[in-house]
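Asks:
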Amino acid sequence: MNMRTANCVATDSLTRSRELVWPELRAAVATLDPRLSVMSGFSLGWCDVDGEPSEGGGKGLRPTLALLGARAAGGRPEAGVPGAVAVELVHAFSLVHDDIMDGDERRRHRPSAWKAYGVGPALLTGDALLALALETLAAAPGEERAEASRLLSGALMELVGGQAADVAFESRPWTGPGAVSVEEYQDMAVRKTGALLGCSAAIGAALSGAPATVTAGLSEMGRHLGLAFQMVDDILGIWGDPDVTGKPVCSDLRRRKKTAPVLAALAAAEAGGPLIGLLDDTRDERGLRRAADLIAAAGGRDVAEDMARRHLDAALRILSGLRLDAPATAELVALAESLMDRRR
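Here it is, written out as structure tokens:
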């Protein structure tokens, strides 16, 4: 499937998913305390700081994976809606807390929740989103909700552990015995990003009553997809267009993030010395841009792109081996391929 076709198919899948999931998501958020409901709506991109409706919000990747997983396993997409709502709420929770920990002032071209409302209210907003996700699954019909809840709680445990590792990496040295290894980085990324995408791909199938082999396969597919997604995020975090990402150029370098391009460049002996000096001065904008150039020249960007492609290929191999519903599988393939095009 060429990229243009993949993007068109993926766009259609995302649109249909939002049409099915967003009304249920809005209804769930409306059950919160009014103040928390407004702050949650702001975090999800539906309203401005004062609660007035506005255009925006995420694309709905995780809910779309949940609905396509349900279809791929032979179920109706409606069966996956509670799972789709739950994973989007968990994703929103993680972003609210992530922005607080990273000190990010912008999210999707707007102030982040903590910048708009303060740290305390933003923390409570994240907590409310998480609690609502768990309640949504608990209220889902059928015995299948128990397996869906198990998948979500397991993903949450991994996500939190991955986030803790990511934060800890920022205080570790660039080189030497205490430096972050590529293996440590990948372990962090599969937990921080891959776990929730794996859960998203499997949760709709679980709610449809799919056998364990199918949910396990979809989960593993999603985990590889998450790693590919994270590698592309790493590229965007250094070289991304602020008009696309909503964050300043070199944002990951400014936060001393140990990402795939940086670790690969540091492994190149000829780049290590001058690069470390530039990375240590996060206030020098010109120096950070020079660091980005050195990382690219040392092959860091190429390595990250290669890693993204390898994990995407692994995800697609797993998906083809499951032999699920053909139309839904084709949409999953298109959605996966489109993720590689986010940086353009």
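Residue numbers 1441 to 1784, in my numbering, belong to the letters of the sequence shown in order. Beta carbons: idealized from backbone N, C-alpha and C, even for Gly.
Name the residue from Ala-1578, Ala-1532, Tyr-1557 whose alpha carbon lies nearest to the alpha carbon of Asp-1567.
Replies: Distance check between Asp-1567 and each of Ala-1578, Ala-1532, Tyr-1557 places Ala-1532 closest, using alpha-carbon atoms only.
Asks: From the DSSP output, in three-state form, read off Cys-1487 for me.
Replies: Looking at Cys-1487 - three-state DSSP - the assignment turns out to be strand.
Asks: Note the first and the last residue of the continuous alpha helix (DSSP H) segment covering Lys-1555.
Replies: That run of the alpha helix (DSSP H) goes 1553–1557.
Asks: Looking only at its chain, what residues have a beta carbon closer than 8 Å to the beta carbon of Ala-1645, apart from the 5 residues adjacent to it on each side?
Replies: Gly-1509, Ala-1510, Ala-1512, Ala-1513, Gly-1515, Gly-1520, Val-1654, Thr-1655, Leu-1658
Asks: Report the residue from Leu-1759, Ser-1589, Val-1461 whose alpha carbon sits nearest the alpha carbon of Glu-1575.
Replies: Ser-1589
Asks: Beta-carbon separation of Ala-1604 and Leu-1779 under 8 Å?
Replies: no
Asks: DSSP three-state call for Arg-1444: helix, strand or coil?
Replies: helix
Asks: Within 10 Å of its beta-carbon, does Ser-1621 have 16 or more other beta-carbons around it, so buried, or fewer, so exposed?
Replies: exposed
Asks: Under a Cβ-count criterion, where at least 16 other Cβ atoms within 10 Å of its own Cβ denotes burial, should Gly-1662 be classed as buried or exposed?
Replies: Classification for Gly-1662: buried.
Asks: For the candidate residues Pro-1767, His-1549, Cys-1487, whose alpha-carbon lies nearest to that of Pro-1682?
Replies: Residue His-1549 is the option with its Cα nearest to Pro-1682.
Asks: I need the straight-line Cα distance from Leu-1719 to Asp-1674, nearest angstrom please.
Replies: 16 Å
Asks: Given this structure, state the Cα-to-Cα distance separating Ala-1635 from Tyr-1557, to the nearest angstrom.
Replies: 29 Å
Asks: Beta carbon of Arg-1694, beta carbon of Glu-1610: below 8 Å?
Replies: no
Asks: Would you kindly work out how many angstroms separate the C-alpha atoms of Leu-1752 and Asn-1447, rounded to a whole number?
Replies: 15 Å
Asks: On the three-state DSSP scale, how would you describe Arg-1784?
Replies: Per-residue confidence for Arg-1784 stands at a pLDDT of 41, beneath the threshold of 50, marking its modelled position as unreliable; the derived number appears in the next sentence. Three-state DSSP puts Arg-1784 in coil, outside helix and strand.
Asks: So what does DSSP say about Pro-1517, is it helix, strand or coil?
Replies: helix
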